[in-house]
Each structure stands twice: as structure tokens, then as C-alpha cells.
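2 protein chains.
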Amino acid sequence: MTYHHGNLRQTLLDRAAEIIAESSVEALSLRKLARDIGVSHGAPARHFKDKSALLNALAHEGHLRMSIALDKAVEAAGMDPLARHNAMGKATIKFALKNPTFYNVMNHPDVLKHADAKLNAYIFAQLHLVQTSASDAREAGWLPDQDPLTVFAFSTAAAIGAASLLTARHETDFFEGIDVEKLADQIIDVVIPPSLKALKALQEIEP
Amino acid sequence: MTYHHGNLRQTLLDRAAEIIAESSVEALSLRKLARDIGVSHGAPARHFKDKSALLNALAHEGHLRMSIALDKAVEAAGMDPLARHNAMGKATIKFALKNPTFYNVMNHPDVLKHADAKLNAYIFAQLHLVQTSASDAREAGWLPDQDPLTVFAFSTAAAIGAASLLTARHETDFFEGIDVEKLADQIIDVVIPPSLKALKALQEIEP
DNA sequence: GGTGTTATGTTGTCAATGCCTACATTTTGA
DNA sequence: TCAAAATGTAGGCATTGACAACATAACACC
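Listed in order, the protein sequences are those of chains A and B.
Just so you know, this note's numbering puts 189 at position 144 of the first sequence, and the rest follows in order with no gaps.
Just so you know, this note's numbering puts 219 at position 174 of the second sequence, and the rest follows in order with no gaps.
1. From His-130/B, Ala-136/B, Phe-93/B, pick the residue whose C-alpha is nearest to that of Ser-112/B; which is it?
2. For a contact meaning CB atoms closer than 9 Å, what does Ala-204/B contact in chain A?
3. Whole angstroms are fine: how far does the CA of Leu-228/A sit from the CA of Thr-195/B?
4. Is the beta carbon of Thr-146/B closer than 8 Å to that of Ser-210/A?
5. Considering Cα atoms alone, identify which of Gln-248/A, Pro-239/A, Glu-249/A is closest to Gly-123/A.
6. Assuming Met-133/B and Ser-74/B are in contact, meaning their beta carbons sit under 8 Å apart, how far apart are those beta carbons, in whole angstroms?
7. Roughly how far, in whole angstroms, is the beta-carbon of Val-150/B from the beta-carbon of Leu-103/B, given that I think they are within contact range, below 8 Å?
8. For Phe-140/A, collect the residues of the same chain with a Cβ closer than 6 Å to its Cβ; drop the 5 residues on either side in sequence, then sort them by chain order.
9. Mind checking which residues open and close the alpha helix (DSSP H) that includes Lys-143/A?
10. Compare the C-alpha of Leu-244/B against each of Asp-218/B, Phe-220/B, Gly-206/B, Pro-189/B and name the closest.
11. Of the residues Leu-57/A, Leu-172/A, Ser-69/A, Arg-80/A, which one's Cα is nearest the Cα of Asp-218/B?
12. What are the complete beta strand (DSSP E) segments, minimum 3 residues, inside the region 189-223 of chain B?
13. So which residues of chain A does Ala-62/B contact, with C-beta pairs closer than 8 Å?
14. Using a C-beta to C-beta distance shorter than 8 Å, which residues of chain B count as neighbours of Gln-191/A?
15. Hey, Thr-56/B and Leu-142/B: beta-carbon distance below 8 Å or not?
16. Using a cut-off of 7 Å between C-beta atoms, extract the partners of Glu-71/B located in chain A.
17. Report yes if the C-beta distance between Trp-187/A and Ile-237/A is below 8 Å; otherwise report no.
18. Starting from the beta carbon of Asn-149/B, find every residue of chain A whose beta carbon is closer than 9 Å, and list them in chain order.
19. Consult DSSP for Tyr-48/A and reduce its assignment to one of helix, strand or coil.
20. Buried or exposed: Ile-223/B, going by 16 or more other Cβ atoms within 10 Å of its Cβ?
21. What are the start and end residues of the alpha helix (DSSP H) that includes Arg-60/B?
22. Please report the Cβ distance between Val-70/A and Asp-155/A, rounded to the nearest whole angstrom; I am assuming they are in contact, meaning their Cβ atoms lie under 8 Å.
23. Confirm, please, whether the CB-CB distance from Phe-199/B to Val-225/A is below 8 Å.
24. Leaving out five residues on either side along the sequence, give the residues of the same chain with a beta carbon under 7 Å from the beta carbon of His-92/A.
25. Using the C-alpha atoms, what's the distance from Ile-168/A back to Ala-90/A?
26. So, at 7 Å on beta carbons, what are the nonlocal neighbours of Ala-182/A in its own chain, with the 5 sequence-adjacent residues on each side left out?
27. Over what stretch of residues does the alpha helix (DSSP H) that includes Ala-72/B continue unbroken?
28. Taking 8 Å as the cut-off, decide whether the C-beta atoms of Tyr-48/A and Gly-107/A are in contact.
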């Protein structure tokens, strides 16, 4: 009856996300995906030239959602540059914890390898935002002795490292029974004090 | 003439590493691997039950080499717990930069997913070593206000995050023309002062 | 030195997959 | 209305991972 599916593109993306969540990126097969949805094995090609193209689209959607989450968190943090950068770091890890599927796709080596120009530009722009945020925090008094690039790379490394460490839920789970969200916040608070005020207080006490 | 290859197992591993270095983990095919070496397509099965088994073996070799590199770096750092932990962090990133192939295999999601018990145990043990190192540094005066788990997770996240950030050599190369080894060292020095003396000096100046 | 056993490699086969092409049906818009 | 574009189908092809049956080499033991 309905020869045309109507919204196959979105259905493909949704079901693909489900399959990846259940197993992994590698386990995703275009033919199985088509079978699941109840459409012929050639149909997906009309919407995604390639398997890479589909994963690319998923990664893009993930980046969109993540940047929205980060924006929101940063705005909620107010005007203090340290608070904003701190919030950005925490929000990054939180996104990874709450959206493991998207996060996995976004960081999968094969996906990154075949990322198209648009996706690459998006990633680049996002990194640039983090860089600016780090520089702002530095100019407000955070790590004044380090150059801006080091400060940026340090905070970025901590955030993505924490995300990858805490989302790694394979056999060797080092964080069994631990509140990883809380741990994530604590990590970021070590990276950058949660406010300019906290930074000053820290400097007063140290002698 | 020589119907038996003689050391097919090692040859497979070596050639596999080359192929991965040239392209990627996904691009590795058992049949192409066999063709390259000049052996029938069924031969690899005698040495590796599975494609996963081969990658597992490669990952294991990578972890072995890395732990040797870390041991060496830590011993060379002397007795100061801060210097040792600092050296461990730097050596981790350096290993990733100098052995991108092994590092990629070791951290590839598909490889981790199919890691056998032995490999998992090895990874677990390695993490435990880092945890001990972090605790020692903490007891020597580093970040005394944070709990040991936070201190461990913070330093580990920074190291693996820096490794992944600095080895990500895709289109969007944010670190074009930058001395990444130097940057890596600077990042780790922000994470943990390179010596107990440096830590004290830092605390004196701060007021 | 012969011989049975194990280790190693070969060949053939199968199902699954990604991608391509030719074709069918629906939708659209001038 | 009807031609063109969009969307879905069906079949085919080369590649791949895994398996099984077989061949040969290496080795241990008498």
C-alpha cells in the first residue's frame, strides 16, 4: 500500500542509534538496518550514499545536541569566566555519560576518519569555542603563568579524558559502584575552580 | 618448497601493524593480510581463531611495550613520588605519540569490546599501578584536599585525554605546526608539579 | 629408522555485507 | 495532464569472516 515510507531518513537514523546502543558501531549493517525497518536493502542508499554518510549524519546530530547542552550549561553558569569554563567541562562529561551512543559515534575512529568537510568544520568550531572559553578564564586569573594554548589543551584533555575514562564500561570497570557524575564534577573542580571567588580563596589559604 | 612458513604468527602481527599504520583498524582484512604475506586465506586461522583474536594480540603487545616504557620513565625519575607520577603521565603521552598504531589498536572500541580476560586483567592491573602512583604523590603533599580517587581519576583523565587529543591527526588538526611533545610535557606539569620541591616553591609564591 | 600424532597450511564453500545498476512506483510542479 | 524528479525494489557482484575437509610437514617415541 504505502510504497513510500514517508520519513525513511529519520527512521534510519533512529533505528541505527538503537542498534548501536544495543551493540556497537561496528555491528551496524545497512542491510540489517533495512530489514529491521521493513524496507528493501537498497532503500537506505537513497538517503545515505554510504554507510559512512549515515554515521556522519549521526555524529553530526550528536555534535548538535552536545553543543546545545554546553551552551545551556555555560549560560546557566552566569558571567564569571571561571564558572563558565568549569560548567563547560562538567557539561561535556555529563553529555557523554547521558548519551553514550552519540558520544561513541562522535568519537569512533572510523567515523572521524570519514568525517565530511561539514562535520570537520563543526568540530573545529567547537574546539575554538573551548579555546576562547579557556582564554577568558585565564585572563580572569586562572593559571596566569601558563600560555593560553597549554591552558586550553590541559582543560580539554582533562574533560575528554574524563569522559572516555568514565564511559568505558567494559569488563575492566574500575569505577564499579561509584557515583561517576559526582566524580566527574570533582575532577573538573580540580582542573578549574568553580568560580573566581573560589580561586582567590584558594590563593589566600595556600601560603 | 617450504610448505610451512616458519614464523607465520609473528609475520601476521607485524604485517597487520603495518596495514593498520597505513590505513586503519577497520581496513584490516584477514584475507588481504594473508595475500600480502603470500599464504592461503585460511592460514591465519591456525594462529588466531578470529580477527578479534589477532587484534587482541596486537593490543596485548602494545600494552606490554607501554608498561615497559612507563616503568623505565618512572624509574629514571628517581624517588620523589611527584616526579614519578609526573614522569608516568608524560611517558604515557609520549608512547601514544611515538606508537600511534599500537595506541590506536589498544584504544579501539571494537578491540576493547572483544578484549579477552587476559587483556582485561592486564589493563586493570595497569590502572591499579597508576592509582598507586597517584596516591603516593598525594601523600607526599600533592592535592591534599582531594580524595585519592579524584586525584587518580583527574591525572589519568588528563593523560589519556592529552594522548587522544594530540594524536588525533584528522583533517581538523588543531595543533598544526605545534611541538606536541613539548605541549604534552607542559600539560602534565600543570596536572602535577614535576617535583616535590617545585610544589613547595609554588605554594610559597602563591599568597 | 620407521611410524603414529600433532601442528601447520591449503582448498573449497557458505552466508553476510556494501555497493552498483536497471527497473518500478510515487510525488511533484509547471 | 504529464513529464521529471524523488523514492523504493530486485538482482548481481566482489569481498569478507568463518568453517570444514583435506594435505603435508614436524616431531616424538619405539
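Ideal placement from N, C-alpha and C gives every residue a C-beta, glycine not left out.
On the basis of the data shown:
1. For Ser-112/B, the closest alpha carbon among the candidates His-130/B, Ala-136/B, Phe-93/B is that of Ala-136/B.
2. Ala-202, Gly-206, listed in chain order.
3. 6 Å
4. Inspection of the sequence shows that residue 210/A is occupied by Leu rather than by Ser. Against a cut-off of 8 Å, the Cβ pair of Thr-146/B and Leu-210/A comes out as no contact.
5. Pro-239/A
6. Wrong, their Cβ atoms sit about 36 Å apart, outside the cutoff.
7. 5 Å
8. Contacts found: Met-111, Ala-114.
9. 126-143
10. Pro-189/B
11. Leu-172/A
12. none
13. Neighbours of Ala-62/B in chain A, taken as residues at a C-beta separation under 8 Å, are lacking, since the least C-beta distance is about 16 Å.
14. Gln-231, Val-235
15. no
16. Asp-155
17. Against a cut-off of 8 Å, the Cβ pair of Ile-237/A and Trp-187/A comes out as a contact.
18. Pro-154
19. coil
20. exposed
21. 53-67
22. That pair is a contact at about 7 Å.
23. no
24. Leu-53, Arg-54, Leu-57
25. Cα-Cα distance, rounded: 26 Å.
26. Pro-126, Leu-127, His-130, Ile-237
27. No alpha helix (DSSP H) contains Ala-72/B, which DSSP labels as neither H nor E.
28. no
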